[in-house]
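K.L.:
In case it helps, mature numbering (1 follows the signal peptide of the UniProt record, and there is no 0) puts the sequence shown at residues -20 to -1, 1 to 140.
I have a structure here, written as structure tokens, and I will follow up with some questions on it.
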Amino acid sequence: MRNLHIFALLGACSLLEVNGSVLEYQKMIKQVTGKGAILSYYGYGCYCGSKGKGEPKDATDWCCHIHNCCYKRLKESNCHGNTKRYDYAYKNGNIICALGSWCEEQVCACDRNAVFCLEKNLDTYNSRFVRYRDSKCTGSTPECYRGCLSPCQSFNRAFN
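Structure follows, in structure tokens:
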């Protein structure tokens, strides 16, 4: 029983340490998809909530792969998506990223586009991919799109 309390305390502390755009991204996911980010998407497939490897399992997993690529592109410009806070508004089913630094605006755009990708693919969301084992993530890892001028272009190519 004591171990259970320790795990609960550690879990609570780790939630408190979450910072940057992770909080905004989780909120966006809930607002747009109606699903809780941690219970529904963290650990989904081979790319949601982790760095990822192997072939994405479905369209939702592809959304996460492309989101990871978006963050990777930003990191190459010294913009760290997981830690950069930003402001946005959610109105009439749309997400409007607030004006801010170049980095803040780009991170918000990565998150916004990923969330709308997840929403577009809600009909193929498959609960069997929740908490998917990394050992099942096999096959070749898709490359990130190169030469995109903005984060949204890779999403548009993949899902429009």
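We treat Cβ as the ideally placed atom computed from N, Cα and C, and that holds for glycine.
In this text, all values refer to a predicted model and were calculated from it rather than measured experimentally.
Tell me whether residue 69 sits in a helix, a strand or coil according to DSSP, three-state version.
P.N.:
Residue 69: strand per DSSP, three-state reduction.
K.L.:
Going by other Cβ atoms of all chains shown within 10 Å of its Cβ, with 16 needed for buried, is residue 64 buried or exposed?
P.N.:
Counting Cβ neighbours within 10 Å, residue 64 comes out buried, since at least 16 surround it.
K.L.:
Tell me which residue opens and which closes the beta strand (DSSP E) that residue 77 is part of.
P.N.:
That run of the beta strand (DSSP E) goes 74 to 77.
K.L.:
Going along the chain, which residues of its own chain have a beta-carbon closer than 8 Å to the beta-carbon of residue 32, five neighbours each way excluded?
P.N.:
Result list for residue 32: 26, 44, 45, 48, 117 and 121, in chain order.
K.L.:
Return the residue from the list 109, 96, 111 and 53 that minimises the CA-CA distance to residue 11.
P.N.:
For the residues 109, 96, 111 and 53, the minimum Cα distance to residue 11 belongs to 96.
K.L.:
If you compare alpha carbons, which of 82, 70 and 41 is closest to residue 60?
P.N.:
If we check each option's Cα against that of residue 60, 82 comes out closest.
K.L.:
What residue from 113, 79 and 68 has the CA that sits closest to residue 91's CA?
P.N.:
When only C-alpha atoms are compared, the closest one is 68.
K.L.:
Where does residue 24 sit, in a helix, a strand or coil, going by DSSP?
P.N.:
If DSSP states are grouped into helix, strand and coil, residue 24 belongs with coil.
K.L.:
With the cut-off set at 8 Å, would you say residue 107 and residue 66 are in Cβ contact?
P.N.:
No, the pair does not count as a contact, with Cβ atoms beyond the cut-off.
K.L.:
Where does residue 112 sit, in a helix, a strand or coil, going by DSSP?
P.N.:
Note: residue 112 maps to coil in three-state DSSP.
K.L.:
According to the Cβ coordinates, are residue 39 and residue 101 closer than 8 Å?
P.N.:
For residue 39 and residue 101, yes; Cβs fall inside 8 Å.
K.L.:
With DSSP run on the structure shown, which of helix, strand or coil describes residue 83?
P.N.:
Of the three classes helix, strand and coil, the one that applies to residue 83 here is helix, per DSSP.
K.L.:
Does the distance from the CB of residue 112 to the CB of residue 52 come in under 8 Å?
P.N.:
No, the Cβ-Cβ distance between residue 112 and residue 52 is not below 8 Å.
K.L.:
Tell me the DSSP secondary structure of residue 43 in three-state form.
P.N.:
In the structure shown, residue 43 sits in a helix (DSSP, three-state: H, G or I).
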